[in-house]
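Chemist: I'd like to ask you about the structure that follows.
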Amino acid sequence: MGEILKIDNISVSYGSIRALTDISMSIDEGAVVSLIGANGAGKSTLLKAIVGQEPLKSGSITFAGETICQTKHHHGGLTTDLIARRGIALVPEGRHVFADMTVEENLDMGAFMVRDQALINKRKEEMYDFFPILGARKKQKTRSLSGGEQQMMAIARALMSAPRLLLLDEPGLGLAPLVVQDIFNKIKIINEENKVTVFLVEQNARLALRSSSYGYVLENGKIVLEDKGEALLLNEKVQKAYLGA
Ligand SMILES: Nc1ncnc2c1ncn2[C@@H]1O[C@H](COP(=O)(O)OP(=O)(O)O)[C@@H](O)[C@H]1O
Ligand SMILES: [Mg+2]
Numbered sequence: 007m008g009e010i011l012k013i014d015n016i017s018v019s020y021g022s023i024r025a026l027t028d029i030s031m032s033i034d035e036g037a038v039v040s041l042i043g044a045n046g047a048g049k050s051t052l053l054k055a056i057v058g059q060e061p062l063k064s065g066s067i068t069f070a071g072e073t074i075c076q077t078k079h080h081h082g083g084l085t086t087d088l089i090a091r092r093g094i095a096l097v098p099e100g101r102h103v104f105a106d107m108t109v110e111e112n113l114d115m116g117a118f119m120v121r122d123q124a125l126i127n128k129r130k131e132e133m134y135d136f137f138p139i140l141g142a143r144k145k146q147k148t149r150s151l152s153g154g155e156q157q158m159m160a161i162a163r164a165l166m167s168a169p170r171l172l173l174l175d176e177p178g179l180g181l182a183p184l185v186v187q188d189i190f191n192k193i194k195i196i197n198e199e200n201k202v203t204v205f206l207v208e209q210n211a212r213l214a215l216r217s218s219s220y221g222y223v224l225e226n227g228k229i230v231l232e233d234k235g236e237a238l239l240l241n242e243k244v245q246k247a248y249l250g251a
């Protein structure tokens with residue numbers, strides 16, 4: 007399958023602080039690709055740049071053949087809302103669920119761009135089948151859910167827009183190992199059965215690389231390594247720095 011996302015030489019700054027420098031990446035349609043890196047490396051910044059939440063200082067991002075992000079000099083690219091409509095959904099770090107809303111209301115928010123109520127209802131039922139715990143709790147306020155359940159809900163909310171590309175920012179953060187494994191099992195099904203391309207950011211490098219066909223290593227805002235997931239798992243530098251070997 008062909009390339010669905012192309013990141014071409016992008017840089018992002020916060021004021022005078024350079025967060026990303028000359029990042030280039032390619033994600034094939036149907037793949038699971040991971041990005042690993044330490045705290046502060048720039049992982050979240052990269053995902054935010056893809057969905058138009060951080061402006062580019064240089065470079066461009068192309069999705070399904072269309073330029074979605076570029077520098078201000080080149081008129082800036084699409085808004086976050088339009089990028090979502092093109093088929094990219096981000097599950098942000100820390101989930102950002104609406105704690106005072108019910109599970110069902112959160113899922114409705116994820117379908118903001120869908121006009122057809124019957125389609126929204128159908129997708130909600132699919133989500134309740136796929137995440138039975140959400141079905142059992144659909145009328146409950148989100149704050150009553152466990153961390154793992156809230157992460158499942160954040161993923162389900164993102165899927166309500168039927169994205170072609172799902173961006174996940176540290177889905178395992180702060181969760182117990184068994185819960186993390188559960189979430190990764192779901193991600194695998196979303197990719198294999200629903201044919202959603204997945205770009206995954208994780209500090210748990212072992213789990214991320216095992217789940218991915220390809221991976222990138224980010225250090226201080228720069229890509230320092232890229233290879234097949236299984237090759238990165240065997241890479242000495244990756245083992246030392248990220249796998250505790
Ligand atoms: N809103 C912001 N304003 C200023 N600096 C930021 C902001 N967000 C992130 N940074 C800085 O940019 C760098 C990359 O951050 P981030 O993308 O969150 O890294 P990661 O997700 O890999 O932990 C860090 O040095 C961080 O302090
Ligand atoms: Mg982050």
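Every position in the sequence shown, counted from 1, becomes a number in our numbering once 6 is added.
Virtual Cβ for every residue (Gly too), placed ideally from N, Cα, C.
Keep in mind the model is a prediction, meaning the values are calculated, not measured.
#1: Please classify residue 87 as buried or exposed, where buried requires at least 16 other C-beta atoms within 10 Å of its C-beta.
#2: Taking just the CA atoms, how far does residue 134 sit from residue 140?
#3: Write down every uninterrupted run of the alpha helix (DSSP H) in the region 36 to 97 whose length is 4 residues or greater and which is fully enclosed by it, in chain order.
#4: Per DSSP, what are the beta-bridge partners of residue 174 in this structure?
#5: Looking at residue 163: is its Cβ nearer than 8 Å to the Cβ of residue 115?
#6: Please return the same chain residues whose Cβ sits closer than 6 Å to the Cβ of residue 161, not counting the five positions on each side in sequence.
#7: Is it right to say residue 166 is buried, meaning 16 or more other beta carbons lie within 10 angstroms of its own, or is it exposed?
#8: Can you tell which of 12, 35, 39 has the C-alpha that lies nearest to the C-alpha of residue 232?
#9: Please list, in chain order, all residues of the same chain as residue 45 whose beta carbon is under 8 Å from its beta carbon, the five residues on each side excluded.
#10: I need the straight-line Cα distance from residue 185 to residue 192, nearest angstrom please.
#11: Taking the CB atoms as reference points, tell me whether residue 234 and residue 217 lie closer together than 8 Å.
#12: Quick check: residue 143 and residue 109, are their CB atoms within less than 8 Å of each other?
#13: Please find out if some non-hydrogen atom of ligand 2 comes closer than 7 Å to the beta-carbon of residue 194.
#14: For ligand 2, I want to know if residue 135 counts as a neighbour, meaning its beta carbon is within less than 7 Å of at least one of the ligand's heavy atoms.
#15: Let me check one thing: in DSSP terms, what residues is residue 222 bridge-paired to?
#16: May I ask you to check if the CB of residue 145 is nearer than 7 Å to at least one heavy atom of ligand 2?
#17: Going by beta-carbon coordinates alone, are residue 85 and residue 58 separated by less than 8 Å?
Modeler: So, from the data block:
#1: On the sequence shown, position 81 is the one that residue 87 refers to. By the 10 Å Cβ count, residue 87 comes out exposed.
#2: For this step, residue 140 is matched to residue 134 along the sequence shown. For this step, residue 134 is matched to residue 128 along the sequence shown. In a straight line, the C-alpha of residue 140 is about 6 Å away from that of residue 134.
#3: 49 to 56, 86 to 92
#4: As a first step, residue 174 is located in the sequence shown; it is residue number 168 there, counting from the start. Per DSSP, 97, 206.
#5: By one-based count along the sequence shown, residue 163 stands at place 157. By one-based count along the sequence shown, residue 115 stands at place 109. Contact flag set, yes.
#6: In the sequence shown, the residue the question calls residue 161 occupies position 155. The residues are 97.
#7: If you number the sequence shown from 1, residue 166 lands on position 160. Counting Cβ neighbours within 10 Å, residue 166 comes out buried, since at least 16 surround it.
#8: Within the sequence shown, residue 232 is the residue found at index 226, counting from 1. Nearest option by C-alpha distance: 39.
#9: Start at 1 with the first residue of the sequence shown, and residue 45 comes out as number 39. Answer for residue 45: 209, listed in chain order.
#10: By one-based count along the sequence shown, residue 185 stands at place 179. By one-based count along the sequence shown, residue 192 stands at place 186. The straight-line gap from Cα to Cα measures roughly 11 Å.
#11: As a first step, residue 234 must be located in the sequence shown, where it is residue number 228. As a first step, residue 217 must be located in the sequence shown, where it is residue number 211. No. Outside cutoff.
#12: In the sequence shown, the residue the question calls residue 143 occupies position 137. In the sequence shown, the residue the question calls residue 109 occupies position 103. Closer than 8 Å, so yes.
#13: Stepping through the sequence shown from its first residue, residue 194 is reached at position 188. It does not: the Cβ of residue 194 is nowhere closer than 7 Å to a heavy atom of ligand 2.
#14: Your numbering for residue 135 matches position 129 in the sequence shown. Outside the cutoff, so no.
#15: Start at 1 with the first residue of the sequence shown, and residue 222 comes out as number 216. Answer is 41, 232.
#16: Numbered from 1 along the sequence shown, position 139 holds the residue referred to as residue 145. No, Cβ of residue 145 sits at least 7 Å from all heavy atoms of ligand 2.
#17: On the sequence shown, position 79 is the one that residue 85 refers to. On the sequence shown, position 52 is the one that residue 58 refers to. Going by C-beta atoms, residue 85 is nearer than 8 Å to residue 58.
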